[in-house]
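Visitor:
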Amino acid sequence: MNLVQKLPIGLALACLMMMSSCSKEDTQTPEPSKSERTDASMRDDGGYIKVLPIFHSTFGPLGSNLYPNGWQRGSSTSSNLIGYPTGSSNFIHLFGNPAWPWESPISPIQDVPNASSFLTISTKAKKTWTEDETSTSKRSSVETTIKNLTPGKLYELTYYTTSSVCAVKQNNLTPTYVSAVVVDWIYSNGTKKNALTMSLKNWKGIWKKQAITFEANEKEQVLNFTAFTDSERTFGYAHIFVDHKSIKEVEPADLP
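Numbering (mature numbering (1 follows the signal peptide of the UniProt record, and there is no 0)), first residue to last: -23 to -1, 1 to 233.
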């Protein structure tokens, strides 16, 4: 076990960020990711090319500050990469690092047997329901841009979320499960609109599938994911998984 593996998560992340280079033995090999066309299109019934909406999947390389194609750390929450890390994890280890195991392995994702990685965000922000904007410095987020939308059209997107506890403490705070994941739209003028607030209190290490139906306001819209705990004395990790082809156009008659 090397020095970085013996350190708490915060110090270990700081050491890793300060290293200017690393050996091939210390570098994790990114898992092969499925190709994802950025010009997704198909022919409609009339034979015309129809451009399809894009909601990037979360298949990608493992590691802190490593993200799948089309995803990045959110800019509307904390920029502290060490205190509130984000990146890609697997079902056994935080950010795929064997030194940071989950207390209990995360369950497989129902109906997605090939899933091997997902996005991870962190938080110690307490959910207040009325003053969440005051806690942006106490949580991190990830975001992606939904593309090829037609303003005025209805769409449905699906994703999965869960929470887990790392066996290694972060900043000496008490590890806990995340209590809620909040999903927001961020528009081109900077305004934000809540898309969904989802409780995870009964979904510890178990994936919860969620669908959001929305009317597009712009051709491209940013979708941001952040998380909350029940106490600022605790620290938690939430996870987001998006499969391929997880967005579709719907008609009002298709809605329940």
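By construction, the Cβ of each residue, glycine as well, lies at the ideal position given by its N, Cα and C atoms.
Everything numeric in this text was worked out from a predicted model, so none of it was measured.
1. DSSP beta-bridge partners for E120?
2. Alpha carbon to alpha carbon, what distance is there between M175 and T168?
3. Alpha carbon to alpha carbon, how far is S12 from F218?
4. Using the beta-carbon count (16 or more within 10 Å), is N166 buried or exposed?
5. Check this for me: beta carbons of T138 and V158, under 8 Å apart or not?
6. Under DSSP, the beta strand (DSSP E) around V160 begins and ends at which residues?
7. Taking only the alpha-carbon atoms, compute the straight-line gap between W106 and H221 and give it to the nearest angstrom.
8. Is G73 helix, strand or coil by DSSP?
9. Grab me the residues of residue 236's own chain with a C-beta within less than 8 Å of its C-beta, minus the 5 sequence neighbours each way, in chain order.
10. Per DSSP, N171 forms a beta bridge with which residues?
11. Name the residue from I69, S56, A193 and K104 whose alpha carbon lies nearest to the alpha carbon of I163.
12. For the beta strand (DSSP E) containing I224, name the first residue and the last one.
Guide: Looking at the coordinates:
1. Paired residues: Q49 and N201.
2. If you take the alpha carbons of T168 and M175, they lie about 21 Å apart.
3. Residue confidence is low: S12 scores 44 on pLDDT, short of 50, so the model does not pin down where it sits. No coordinate-derived value is stated.
4. By the neighbour-count rule (16 or more Cβ atoms within 10 Å), N166 is not buried but exposed.
5. One thing to note: T138 has its Cβ within 8 Å of the Cβ of V158.
6. In the DSSP assignment, V160 falls within the beta strand (DSSP E) that extends over A157 to I163.
7. Answer to the nearest angstrom: the Cα atoms are 32 Å apart.
8. Residue state, collapsed to three classes: helix.
9. As shown, the chain starts at -23 and ends at 233. That puts residue 236 outside it, with no answer to give.
10. N171 pairs with D161.
11. Nearest Cα to I163 within the set I69, S56, A193 and K104: A193.
12. Unbroken beta strand (DSSP E) run through I224: I224 to V227.
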